[in-house]
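Worksheet: one structure, shown below.
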Amino acid sequence: MNSIPKQKKQISLSQFIIEEQLKIPGASGEFSALLNHLVYASKIVAREVRKAGLLHDILGSTDETNVQGETQMKLDQYADNAFNQSLKICGHLCALASEEHEEIIPIPSGYAIGKYTMAIDPLDGSSNIDTNVSIGTIFSIHQRLEPSSKAPGTEKDLLQKGSLQRCAGYIIYGSSTMLVLSTGKSVVGFTLDPSLGEFLLSHPDMKMPDSGSIYSANEGNASYWGKEVQDYIAHIKSIEGGKKPKTGRYIGSLVADFHRNLLKGGIFLYPNDTKSSKYPNGKLRLLYEAAPMAYIAEQAGGMAVTVKGERILDLEPKSLHERTTLVIGSKQEVLEFLSFVK
Ligand code: AHM
Ligand code: MG
1 MNSIPKQKKQ
11 ISLSQFIIEE
21 QLKIPGASGE
31 FSALLNHLVY
41 ASKIVAREVR
51 KAGLLHDILG
61 STDETNVQGE
71 TQMKLDQYAD
81 NAFNQSLKIC
91 GHLCALASEE
101 HEEIIPIPSG
111 YAIGKYTMAI
121 DPLDGSSNID
131 TNVSIGTIFS
141 IHQRLEPSSK
151 APGTEKDLLQ
161 KGSLQRCAGY
171 IIYGSSTMLV
181 LSTGKSVVGF
191 TLDPSLGEFL
201 LSHPDMKMPD
211 SGSIYSANEG
221 NASYWGKEVQ
231 DYIAHIKSIE
241 GGKKPKTGRY
251 IGSLVADFHR
261 NLLKGGIFLY
271 PNDTKSSKYP
281 NGKLRLLYEA
291 APMAYIAEQA
301 GGMAVTVKGE
311 RILDLEPKSL
321 HERTTLVIGS
331 KQEVLEFLSF
341 VK
């Protein structure tokens with residue numbers, strides 16, 4: 001008699017969120033509900049990214065620039081709207097900040113004000129949109145400074161250190177769509193099953209290899225970098241004493257570069273320009289990019305520092321769109337980088 005093939009037990013992200021909530025006595029469910037709104041919007045964006053090449057009105061750039069002075073791609077705006085529409089009225093946020101908006105996005109009147117803040121980069125790596133290269137969304141959640149307050153949140157609520165994040169994560173729109181997050185206990189990864197429309201637990205406890213052979217940096221900028229960074233890069237490429245040089249891999253989408261290094265081990269660097277005025281403090285944004293990725297890296301056993309060697313999660317943000325340098329990856333690789341920092 002033919003036996004019925006055993007079905008592998010698959011946990012959906014919604015089930016996972018509920019089970020995690022049940023482990024916390026007295027949890028109100030507010031945080032779980034917030035995550036569900038984020039997940040819903042991410043599915044809308046994933047759907048649009050999947051068929052972007054078919055929709056002539058979604059690829060390419062708009063006539064507008066964002067707060068950073070960068071050209072906004074149509075898909076950038078689409079993703080920004082999708083997340084904002086879902087999140088600002090969800091009732092669990094007191095303030096929302098997006099990389100695409102100069103000011104905080106207010107909670108519309110008539111909607112409940114919650115105890116969390118979120119900073120989001122709706123579509124990271126936008127320069128890759130038109131060429132079908134992986135892009136992503138990055139998010140960071142803090143609890144507001146006065147959790148019981150029902151007043152609208154302020155910039156202060158968002159300008160908290162990365163170490164105080166309650167949750168951080170990213171969605172990668174790659175060959176499959178994955179959501180990777182941490183609430184401070186471990187790092188978990190879910191893969192979107194398009195036939196079910198559900199994220200399923202695929203990577204239960206993600207650990208970054210302690211060391212790795214990949215380095216990722218935009219070396220076209222190397223002449224602008226400080227001496228410490230140049231010396232470090234020369235060192236990892238050197239073959240002196242029979243040493244094997246590291247392997248260069250750079251996509252130009254932080255989410256994709258980080259995700260690969262998280263799985264394979266390695267180091268990602270975005271240093272500042274010391275000899276041009278383009279990115280004197282580095283390109284990446286502390287709130288929307290560096291802090292959430294640093295949180296994931298540390299939870300997975302890796303490290304994240306600035307080119308001066310400061311721990312990213314200890315930086316006190318001073319403004320919503322502050323930029324920072326970022327050196328992030330496997331512990332041994334970041335420690336080796338630090339040995340070059342005076
Ligand atoms: P974006 O948020 O405008 O897309 O910019 C951030 C991106 C990162 O994903 C990536 O690491 C970096 O910019 C790439 O910059 P560059 O093209 O200078 O190498
Ligand atoms: Mg970005």
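Numbering (UniProt numbering), first residue to last: 1 to 342. We put the CB at the ideal spot given by N, CA and C, even for glycine.
Contact with chain B by K9, beta-carbon distance below 9 Å:
Reference to chain B is not applicable here, since this structure consists of a single protein chain.
If you measure from each CB to the nearest heavy atom of the ligand AHM and keep those under 5 Å, what residues do you get, in chain order?
Having a Cβ closer than 5 Å to some heavy atom of the ligand AHM are D124, G125, S126, N218, G252, S253 and L254.
Cα separation between P108 and D80?
Going by C-alpha positions, P108 is about 16 Å away from D80.
Quick check: is any heavy atom of the ligand MG less than 8 Å from the C-beta of Y288?
At a cut-off of 8 Å, the beta-carbon of Y288 counts as near the ligand MG: some heavy atom of the ligand is closer than that.
Measure the Cβ-Cβ separation of H259 and G174 and say whether it is below 9 Å.
With contacts defined as CB atoms closer than 9 Å, H259 and G174 qualify as a contacting pair.
Do three or more CB pairs link the stretch 305-316 to the stretch 238-251 at distances below 8 Å?
Under the 8 Å Cβ criterion, the stretch 305-316 does not count as touching the stretch 238-251, having fewer than three qualifying pairs.
Apart from the five residues just before and just after A97, which ones in its own chain have a Cβ nearer than 6 Å to its Cβ?
Here the set comprises I104, A119, L158 and L320.
By Cβ distance below 7 Å, which residues in the same chain neighbour residue 347 in space, the five residues on each side in sequence not counted?
What is shown of the chain runs 1 to 342, which leaves residue 347 out entirely.
Taking the beta strand (DSSP E) that M178 belongs to, which residues open and close that run?
Counting along the chain, the beta strand (DSSP E) containing M178 begins and ends at T177 to S182.
Run through DSSP, which three-state label would A217 get?
Reduced to three states, the DSSP call for A217 is coil.
For A168, which beta-bridge partners are listed by DSSP?
Partner(s): S140 and S182.
Note the first and the last residue of the continuous alpha helix (DSSP H) segment covering I104.
Bounds of any alpha helix (DSSP H) do not take in I104, whose DSSP letter is neither H nor E.
Spatial distance of Y170 from I141 (CA atoms):
For Y170 and I141, the distance between alpha carbons rounds to 12 Å.
In chain order, what residues of the same chain have a beta carbon less than 8 Å from the beta carbon of A46, not counting five sequence neighbours either side?
In chain order, I171, Y173, T177 and L192 place their CB closer than 8 Å to the CB of A46, counting only its own chain and leaving out the 5 sequence neighbours on each side.
Could you tell me which residues DSSP puts in a beta bridge with M118?
Bridge partners of M118: L96 and I141.
Looking at C-alpha atoms only, which residue of T274, K88 and A222 is the closest neighbour of L38?
Taking only the C-alpha atoms, the option nearest L38 is K88.
Cβ of L93 within 9 Å of Cβ of Y78?
Not in contact: L93 and Y78 (Cβ atoms no closer than 9 Å).
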